[in-house]
Amino acid sequence: VDRAARVVVRRVDAGGAVKPMLSVATEKAAPAAAGKRRLGLQAQRLTPSDVARMTTFLRVGSDRLQCAWEVVSGGEVHVLVWSGNEPDTVVGALDGPLASLQLVDPGTGSADSAGVLLRPLQYEAFIDALVALERGYSGPKPPVAKAGPQTALAPAAQGGVAEPAASIAVPKDAHFRLRRWPPAAVLQQDRYHLRLASCMSARHLGIDELVRLSNVGRPQCEAFLATLIANELLDVRLSATTPARPAKLVAVAPRASTPDTSPPPDTSLFSKIRRRLGLTLLR
Amino acid sequence: MKHHKIVFTGAPGAGKTTAIAALSDAPPVLTEVRNTDAGLGKQHTTVGLDFGQVDLGDGQSIRLFGTPGQLRFEFMWRIIATDALGLVILVDNAKPDPLADFAIYLDAYKDLLPTMNCAVGIGRSLENPLPSPDQYAELLADRGLVFPVLPVDVRQREDVLMLVETVLFQAEART
Chain X
9 VDRAARVVVR RVDAGGAVKP MLSVATEKAA PAAAGKRRLG LQAQRLTPSD
59 VARMTTFLRV GSDRLQCAWE VVSGGEVHVL VWSGNEPDTV VGALDGPLAS
109 LQLVDPGTGS ADSAGVLLRP LQYEAFIDAL VALERGYSGP KPPVAKAGPQ
159 TALAPAAQGG VAEPAASIAV PKDAHFRLRR WPPAAVLQQD RYHLRLASCM
209 SARHLGIDEL VRLSNVGRPQ CEAFLATLIA NELLDVRLSA TTPARPAKLV
259 AVAPRASTPD TSPPPDTSLF SKIRRRLGLT LLR
Chain D
32 MKHHKIVFTG APGAGKTTAI AALSDAPPVL TEVRNTDAGL GKQHTTVGLD
82 FGQVDLGDGQ SIRLFGTPGQ LRFEFMWRII ATDALGLVIL VDNAKPDPLA
132 DFAIYLDAYK DLLPTMNCAV GIGRSLENPL PSPDQYAELL ADRGLVFPVL
182 PVDVRQREDV LMLVETVLFQ AEART
């Protein structure tokens with residue numbers, strides 16, 4: 009298995025049996041900004057929730073981190089995040105990890121020790137720990153990228169996720185359709201991303217349509233669109249070439265700043281089905 | 032009276048019958064017989080079609096159809112899926128070559144898929160993480176198709192609902 013393709017999280021039960029729990033394609037999480045050092049982080053015996061938090065925190069906290077952290081399944085592992093009695097050997101690693109962080113449940117004896125993080129994993133504690141490790145790491149600097157033609161593949165197509173650059177503006181009058189279903193690392197198991205992607209898999213949609221159909225807030229729509237654009241996953245058409253199709257359905261109000269607890273007053277077929285099946289468009 | 036249909040298709044053992052049972056108001060009507068094909072690895076298999084229903088009120092309903100999985104029933108697959116509100120393709124990642132299985136269904140429905148609301152559910156992916164959802168998405172992209180690809184456990188109603196929800200979003204976007 010390409011080490012940059014997948015993380016397999018396993019749990020060891022009381023009998024010592026290793027059970028696969030989760031497999032996520034997360035490697036090459038974000039292409040390192042020029043000059044950023046790449047550091048590998050491996051998860052061992054963490055729960056799916058632990059891994060999801062860790063992956064999310066790495067994305068959200070990338071601005072605070074000096075290095076480009078990647079979740080890896082073997083090879084060059086700089087930090088091990090583990091749970092259980094003791095960490096396993098890192099398969100394929102020539103050297104041991106530089107550091108390890110143990111994740112423990114609240115109330116366990118070692119909770120106050122250095123290198124120990126409490127469940128549920130907290131953003132500040134996790135990122136602080138990585139920042140501290142970065143300070144102590146003085147490994148080789150990454151090779152400087154040579155000027156030349158860019159690779160034809162988008163980062164997502166290579167298994168990674170490109171963060172939208174600050175300069176990427178989502179065109180307001182454009183219509184968007186997916187070129188392919190986004191990789192798991194882009195969707196991040198986020199139900200709103202799933203909604204948005206499902207809508208855009210059917211046809212070109214403008215932002216207003218997308219907000220209305222998905223009932224996802226405009227800022228979230230735009231952020232997701234920016235991520236998709238950065239990963240070259242969207243076909244973008246100007247509105248002049250693809251006029252917005254007037255909606256036949258009663259509009260569902262976009263997400264308000266305060267959560268709406270009442271069901272949308274929509275009597276369309278789709279609303280009937282959703283109500284009947286217990287699906288909801290509320291946040 | 033207006034009836035809509037959602038069709039569940041996929042290889043034998045992929046979980047079509049289970050998925051329908053997870054949604055249907057009443058226990059689904061099954062056409063299962065004792066399986067004589069040892070290669071399928073299960074005691075019973077569907078030879079006709081499975082049928083479940085969700086009553087929407089006002090004389091409307093969602094009819095849930097499960098296709099027979101075996102290739103020899105291919106002639107039925109498209110008949111059942113014609114004019115469906117959505118198609119859910121279930122794949123069993125524990126099979127020897129799930130991508131090849133998937134390709135069989137893409138070929139069988141190739142005339143319908145470009146305008147079909149469709150979702151792909153990958154079963155048993157925790158124990159068998161490869162092929163990954165991204166590999167399935169890649170196979171779809173190679174054929175110019177974009178559908179939701181989700182790892183699911185069809186024994187969990189929430190997972191089946193997630194597939195249906197992605198189909199509904201597509202249907203609504205096309206309306």
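First to last, the sequence lines map onto chains X and D. Going from the first sequence to our numbering is simple: count from 1 and add 8. Going from the second sequence to our numbering is simple: count from 1 and add 31. Built from N, CA and C at the ideal position, the CB exists for glycine as well. All values derive from a computational prediction rather than experimental measurement.
8 Å Cβ cutoff met for residue i and residue j
i, j, result
"P179 (chain D)", "L130 (chain D)", "no"
"G97 (chain D)", "T48 (chain D)", "yes"
"N124 (chain D)", "I93 (chain D)", "no"
"P58 (chain D)", "A52 (chain D)", "yes"
"L125 (chain X)", "L141 (chain X)", "no"
"W90 (chain X)", "Q52 (chain X)", "yes"
"A210 (chain X)", "R174 (chain D)", "no"
"V119 (chain D)", "V177 (chain D)", "no"
"L246 (chain X)", "D181 (chain X)", "yes"
"A42 (chain D)", "G100 (chain D)", "yes"
"R61 (chain X)", "P128 (chain X)", "yes"
"V139 (chain X)", "A107 (chain X)", "no"
"R45 (chain X)", "I135 (chain X)", "no"
"K36 (chain D)", "G90 (chain D)", "no"
"G88 (chain D)", "S55 (chain D)", "no"
"K141 (chain D)", "D132 (chain D)", "no"
"Q201 (chain D)", "N159 (chain D)", "no"
Interface flag, residue i vs chain D, CB-CB below 8 Å
i, result
"I7 (chain X)", "Only positions 9 to 291 of chain X appear in the structure, and residue 7 (chain X) is not among them; the question remains open."
"A238 (chain X)", "no"
"A192 (chain X)", "yes"
"K280 (chain X)", "yes"
"T159 (chain X)", "Residue confidence is low: T159 (chain X) scores 30 on pLDDT, short of 50, so the model does not pin down where it sits. Its coordinate-derived value is still stated next. No, its Cβ sits nowhere closer than 8 Å to a Cβ of chain D."
"A60 (chain X)", "no"
"W189 (chain X)", "yes"
"Q81 (chain X)", "The sequence given here has Ser at residue 81 (chain X), not Gln. Cβ-Cβ to chain D under 8 Å: no for S81 (chain X)."
"A37 (chain X)", "At A37 (chain X) the pLDDT is 38, less than 50, meaning the model places this residue with poor confidence; the figure from the coordinates comes in the next sentence. No, A37 (chain X) lies away from the interface with chain D (no Cβ there is under 8 Å from its Cβ)."
"S91 (chain X)", "no"
"P148 (chain X)", "Residue placement at P148 (chain X) cannot be trusted, given a pLDDT of 49 that sits under 50; what the coordinates show is reported in the next sentence. No, no contact with chain D."
"A182 (chain X)", "no"
"R127 (chain X)", "no"
"S108 (chain X)", "no"
"A205 (chain X)", "yes"
"P273 (chain X)", "Residue confidence is low: P273 (chain X) scores 43 on pLDDT, short of 50, so the model does not pin down where it sits. Its coordinate-derived value is still stated next. So no, P273 (chain X) is outside the interface."
"A210 (chain X)", "yes"
"M29 (chain X)", "In this prediction, M29 (chain X) scores a pLDDT of 39, lower than 50, which makes its location untrustworthy; the coordinate-derived value is nonetheless stated afterwards. True, the Cβ-Cβ gap to chain D drops below 8 Å."
"L202 (chain X)", "yes"
"R284 (chain X)", "yes"
Residue i - partner residues in DSSP beta bridges
i, result
"G123 (chain X)", "DSSP output for G123 (chain X) lists no bridge partner at all."
"L49 (chain X)", "X:V79, X:V87"
"Q110 (chain X)", "X:W90, X:V124"
"P182 (chain D)", "D:I153"
"D81 (chain D)", "D:G97"
"A137 (chain X)", "For A137 (chain X), which the question treats as bridged, DSSP gives no partner whatsoever."
"R67 (chain X)", "None; R67 (chain X) has no bridge partner."
"G44 (chain D)", "The partner list for G44 (chain D) (beta bridge, DSSP) is empty, contrary to what the question assumes."
"I37 (chain D)", "D:L95, D:G117"
"L143 (chain D)", "Answer is none; L143 (chain D) lacks a bridge partner."
"L54 (chain X)", "BP columns for L54 (chain X) are empty, so no partner."
Cutoff 8 Å: residue i Cβ touching any chain X Cβ
i, result
"F39 (chain D)", "no"
"A112 (chain D)", "no"
"Q91 (chain D)", "yes"
"I51 (chain D)", "no"
"D165 (chain D)", "yes"
"N124 (chain D)", "no"
"R205 (chain D)", "yes"
"A202 (chain D)", "yes"
"V185 (chain D)", "no"
"V119 (chain D)", "no"
"L199 (chain D)", "yes"
"A31 (chain D)", "The question about residue 31 (chain D) has no answer, for chain D in this structure spans 32 to 206."
8 Å contact criterion, which residue i and residue j should meet: CB distance rounded
i, j, result
"L143 (chain D)", "V185 (chain D)", "No, L143 (chain D) and V185 (chain D) are not in contact; Cβ-Cβ is about 22 Å, not under 8 Å."
"A234 (chain X)", "V194 (chain X)", "Not confirmed; about 11 Å, so no contact."
"V60 (chain D)", "D81 (chain D)", "7 Å"
"I135 (chain D)", "L102 (chain D)", "7 Å"
"L296 (chain X)", "V79 (chain X)", "Missing from the structure shown is residue 296 (chain X); chain X here goes from 9 to 291 and no further."
"M208 (chain X)", "R188 (chain X)", "The Cβ separation is near 11 Å, so there is no contact."
"L218 (chain X)", "C229 (chain X)", "5 Å"
"V38 (chain D)", "A112 (chain D)", "5 Å"
"A205 (chain X)", "P227 (chain X)", "Not confirmed; about 17 Å, so no contact."
"G95 (chain D)", "L285 (chain X)", "According to the sequence provided, residue 95 (chain D) is Leu. The question's Gly does not apply to it. No, L95 (chain D) and L285 (chain X) are not in contact; Cβ-Cβ is about 11 Å, not under 8 Å."
"F278 (chain X)", "E203 (chain D)", "5 Å"
Task: Uninterrupted alpha helix (DSSP H) stretches inside the segment 200-236 of chain X (no shorter than 4 residues) - done: You should have 215-222.
Open item on the list: Restricting to runs no shorter than 4 residues, where is the alpha helix (DSSP H) found entirely within the segment 86-131 of chain D?
Closed with: Complete alpha helix (DSSP H) runs here, min 4: 105-112.
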